[in-house]
Amino acid sequence: METAIDILLSSIRMATPLWFAAMGGLISERSGVINLGLEGLMLMGAFTGAAVAYTTGSPLLGFVCAGLSGALLALIFGFFTLTLRGDQVVIGMGINVLSAGLTPFLNKYFFHVTSSTPSLSLEQRFTFAPTLFALFLIVVMGLWLKRSYSGLWVRFAGEHPTALASAGVGVMRTRWVCVILSGVFAGFGGATMSTMLASAFSRQMTAGAGFMAIAALILGRWIPWATALGCLLFGLTDSIQIRLQGLFTGSDTAWLLQLVQLSPYIVTLCVLAGAIRSSKAPKALGEI
Numbered sequence: 044m045e046t047a048i049d050i051l052l053s054s055i056r057m058a059t060p061l062w063f064a065a066m067g068g069l070i071s072e073r074s075g076v077i078n079l080g081l082e083g084l085m086l087m088g089a090f091t092g093a094a095v096a097y098t099t100g101s102p103l104l105g106f107v108c109a110g111l112s113g114a115l116l117a118l119i120f121g122f123f124t125l126t127l128r129g130d131q132v133v134i135g136m137g138i139n140v141l142s143a144g145l146t147p148f149l150n151k152y153f154f155h156v157t158s159s160t161p162s163l164s165l166e167q168r169f170t171f172a173p174t175l176f177a178l179f180l181i182v183v184m185g186l187w188l189k190r191s192y193s194g195l196w197v198r199f200a201g202e203h204p205t206a207l208a209s210a211g212v213g214v215m216r217t218r219w220v221c222v223i224l225s226g227v228f229a230g231f232g233g234a235t236m237s238t239m240l241a242s243a244f245s246r247q248m249t250a251g252a253g254f255m256a257i258a259a260l261i262l263g264r265w266i267p268w269a270t271a272l273g274c275l276l277f278g279l280t281d282s283i284q285i286r287l288q289g290l291f292t293g294s295d296t297a298w299l300l301q302l303v304q305l306s307p308y309i310v311t312l313c314v315l316a317g318a319i320r321s322s323k324a325p326k327a328l329g330e331i
């Protein structure tokens, strides 16, 4: 019983950064903008959160700055996709590549190493506050999209943009706001990884978390609570594989260890393959 509770609590912790990123992807895609740059937004948030928390001693300030760094990258993404009308998939992947190269450069510039930021002390780290905030965000997102006028505008921007424009609401303005919020939330997810799940930023520490968030988004059919459950499934898989790693320590079981480490990605592919056929994306997704 205690083991099951421990696994559940660990799963919730592991799902927390995915919750932030998935809510970011959800608000962007419900407005009609494909955002495959969540991985890069998270990575930039992870570096910024750890760097600011270490420099100032405040994890809260690091968390806020991580959201701002995500918003800054989202502005770049929005400029190329919404203003210049570039391909959203290509630009999103470009954001991932940009972050993968920019974070080691910034780490080298500020801390004179490329591998990781200095380790954070207990006072410079979070314990559970981001998890509570993520749960609150999921509830707010669900209620806001369903029961508010502005949430209705977001849904119409992704489903019937012409009708929204006919009602006198700016489609592009709505999408711009959603893209920026997407960057903020993904930045929060990255900061959660470096200041709660870990004690420092390390190179490529997101390790596909942004794509897992997108998979959860598709699995949850762009519905906040269902998407959150998808993230929890991936968090559970990650939690179990971490526990199983201790069983394979010998050289003769090295291949089993690698297989266990791959399990979250295998589960993601299987779930995505099964869900994508029945998933119904917003009608105007990807259209400008």
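Going by this note's numbering, the first residue of the sequence shown is number 44, and it counts up by one from there.
All C-beta atoms in this analysis are idealised placements derived from N, C-alpha and C, irrespective of residue type, glycine included.
Note that the structure is a prediction, hence the values are computed from the model and not measured.
According to the neighbour-count rule (16 or more other Cβ atoms, all chains shown, within 10 Å of its Cβ), is residue i buried or exposed?
i      : result
Phe179 : exposed
Gln284 : buried
Ala316 : exposed
Val222 : buried
Ser242 : buried
Gly211 : exposed
Phe148 : exposed
Thr99  : exposed
Glu330 : exposed
Ser74  : buried
Phe120 : buried
Can you pull the DSSP bridge partners for residue i?
i      : result
Ser159 : Ser245
Considering just the uninterrupted stretch of the alpha helix (DSSP H) at residue i, what are its terminal residues?
i      : result
Ile77  : Counting along the chain, Ile77 falls outside any alpha helix (DSSP H), and DSSP gives it neither H nor E.
Arg286 : 267 to 288
Ile331 : Element bounds for Ile331: n/a, residue is neither H nor E.
Gly144 : 131 to 154
Met255 : 252 to 262
Ser237 : Careful: Ser237 lies outside any alpha helix (DSSP H) and carries neither H nor E.
Suppose contacts are defined by Cβ-Cβ distances below 9 Å. Is residue i in contact with residue j by that definition?
i      : j      : result
Ala177 : Leu86  : no
Pro60  : Arg198 : no
Gly92  : Leu116 : no
Phe123 : Gly113 : no
Leu276 : Ser322 : no
Pro173 : Met239 : yes
Tyr97  : Gly105 : yes
Pro102 : Leu163 : yes
Residue i: beta carbon under 8 Å from a heavy atom of the ligand FAD?
i     : result
Leu69 : Looking for the ligand FAD in the displayed structure turns up nothing, as the structure carries no ligands at all.
- With a floor of 4 residues, list each alpha helix (DSSP H) that falls wholly inside the region 181 to 208, ordered by position along the chain. Whole alpha helix (DSSP H) segments, 4+ residues: 192 to 202.
- beta strand (DSSP E) runs wholly inside the region 80 to 107, at least 3 long, in chain order: Counting only runs of 3 or more residues that sit fully inside the region 80 to 107, no beta strand (DSSP E) segment turns up.
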